[in-house]
Amino acid sequence: MATNENHVKMLILGSGPAGLAAALYAARAELAPLLLTGAQLGGQAALTYTIENYPGFPEGVGGAQLGELFQKQAERFGTRVEFDTANKVDLSARPFKIQGDAGAYEADTLIVTTGADPVHLNVPGEDTLLGRGVSYCATCDGAFFKDKKVVVVGGGDSALEETLFLTRYATSIAIIHRRDELRAGAILQKRAKDHPKISFIWNTVVTEILGTGKVESVRLKNTQTGEESTFETDGVFIFIGHTPNTQLFEEQLKMDSHGYIEADMLMRTSVPGVFAAGEAADPHFRQVVTSAGMGAAAAIQATRFLEAESG
Ligand SMILES: Cc1cc2nc3c(=O)[nH]c(=O)nc-3n(C[C@H](O)[C@H](O)[C@H](O)COP(=O)(O)OP(=O)(O)OC[C@H]3O[C@@H](n4cnc5c(N)ncnc54)[C@H](O)[C@@H]3O)c2cc1C
């Protein structure tokens, strides 16, 4: 790994809400942070058409536009933004070494905000109808489905939690599950099964999402009989898991069994000087506002870490 080309006090991996908020705080602390954007400038938030639950925008704000505003504010105070993706890190000694596709960097502190990706069904129509009825987040998009009919794909705890949240808005919710029993805990199962708005379609998978400009129906296949059918719906909520983008840190940072980086309340990881924020370290909240808050906290803590060292 090449070294010493680009030595910075603070390097931030990721340009989602957590990374850009961390950059703003680090820049305002005059640390001239370097931020590597990764492939998705603005993070997951930039993939969505409108964000209606980020404070300060009573009429909502475009996902990509919010990312641009975050970036502009971070750059105004001296953040350097590089369009690069880290492909290797060495956290065994400081300064930490980060190898990107475009350059090599050294950093006294590192803030990891590489986020997570919702697991996709990988069926036709899923990508083209994203934000037009296809969603991976009830908290984000539930309100768009007031008095509408939706389906949910999944059977774990988060699928049922999100389904129960959707009952505030939708008139009916059909949970489509590939098996004939759910993985979710007993209490959640009982609440879902007792709810008058929720029904179940067992032993079934979605093979295609259909609609012109917006979701109109899903094509289903029974896993036992192979029988195919079409089910009309206004929305498809997919809750089949999230994958944190943390493979880069395997065997270097402590993680839970699902690959989320373990960080304490001060955003400290198992390696002193490395902090983690946002969805890379958060399987619970998964929101722009919570991720940005964690990013700010990580930068404040990393600043204190550097201050303590310099006496
Ligand atoms: C379709 C959709 C709609 C959503 N709608 C809403 C909503 O309305 N309201 C809401 O609050 N939340 C919403 N969310 C959730 C919200 O977008 C996320 O909670 C938030 O973006 C997480 O921020 P993050 O910074 O932790 O990670 P992410 O946004 O996932 O960003 C991760 C960043 O890390 C970068 N990266 C990854 N690997 C590397 C690497 N090796 N090197 C450098 N960089 C790397 C990526 O390029 C990206 O920039 C939505 C999510 C999706 C997918």
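With our numbering as the guide, the letters of the sequence shown map in order to residues 146 to 456.
Beta carbons are placed, not taken as given, at the ideal position from N, Cα and C, and that holds for glycine.
Contact check for Gly187 against Ile196 fails: the beta carbons are separated by 8 Å or more. Residue pairing by DSSP places Val264 opposite no residue, since no beta bridge is assigned to it. Contact between Phe430 and Gly299 fails: their C-beta atoms lie close to 18 Å from each other, not under 8 Å. Its chain contains Tyr405 as the residues whose beta carbon lies nearer than 6 Å to that of Pro428, once the 5 sequence neighbours on both sides are disregarded; these appear in chain order.
Excluding its 5 nearest sequence neighbours in each direction, Ala437 has C-beta neighbours in its own chain below 6 Å: Pro162, Ala166, listed in chain order.
Pairing Leu309 with Ser344, the inter-Cα distance amounts to about 12 Å. Between Glu361 and the set Arg313, Arg277, Ala447, Thr368, the nearest pair of CA atoms involves Arg277. When Cβ pairs closer than 8 Å are counted between the two stretches, the region 264 to 277 is seen to touch the region 385 to 403, the count reaching three or more.
In this structure Ala172 touches Gly223 by the C-beta definition: roughly 5 Å separates them, less than 8 Å. Short of 6 Å from the beta carbon of Ser317, and not among the five residues preceding or following it, lie these beta carbons of its own chain, in chain order: Lys294, Lys342.
In this structure, the beta-carbon distance from Gly159 to Gly260 falls below 8 Å. Boundaries of the beta strand (DSSP E) around Glu373: 373 to 377. Around the beta carbon of Thr370, a 10 Å sphere encloses fewer than 16 other beta carbons of the protein chains shown; the residue is thus reported as exposed. Look at Gln189: its beta carbon is less than 7 Å from one of the heavy atoms in ligand 1.
Exclusion of the five residues before and after Asn198 leaves Thr284, Cys285, Gln432, Val433, Val434 as the residues of its chain whose Cβ lies within less than 8 Å of its Cβ. A check of alpha carbon separations from Glu251 across Leu180, Phe290, Pro203, Leu311 identifies Leu180 as the nearest.
At a Cβ-Cβ threshold of 8 Å, Ala422 and Met410 do not count as neighbours. The alpha-carbon of Ser455 is positioned some 56 Å away from that of Val296.
Between Ala453 and Phe420 a beta carbon distance of about 14 Å is seen, past the 8 Å cut, so the two are scored as non-contacting. Counting only runs of 3 or more residues that sit fully inside the region 269 to 312, the beta strand (DSSP E) segments are 294 to 298, in chain order.
When secondary structure is reduced to three states using DSSP, Ser237 falls in the coil class, being assigned neither helix nor strand. When Leu236, His322, Ala337, Glu326 are compared, the shortest CA-CA separation from Glu307 is found for Ala337. In this structure, the alpha-carbon of Gly245 lies about 15 Å from that of Met155.
Tyr170 is a Cβ neighbour of Ala441, given a cutoff of 8 Å. The straight-line gap separating the alpha-carbon atoms of Lys217 and Arg225 is approximately 11 Å.
Close CB contacts of Leu311 within its chain, under the 8 Å cut and outside five residues either way in sequence, are with Ala283, Gly287, Phe290, Val295, Val297, Ile318, Phe382 (chain order). Taken atom to atom, the span from the alpha-carbon of Glu353 to that of Lys359 is near 13 Å. Annotation: His322 to Pro389 spans about 24 Å, alpha carbon to alpha carbon.
Gln392 sits in a helix when the DSSP states are folded into three classes. If you draw a straight line from the Cα of Ala238 to the Cα of Asp253, it comes to about 10 Å.
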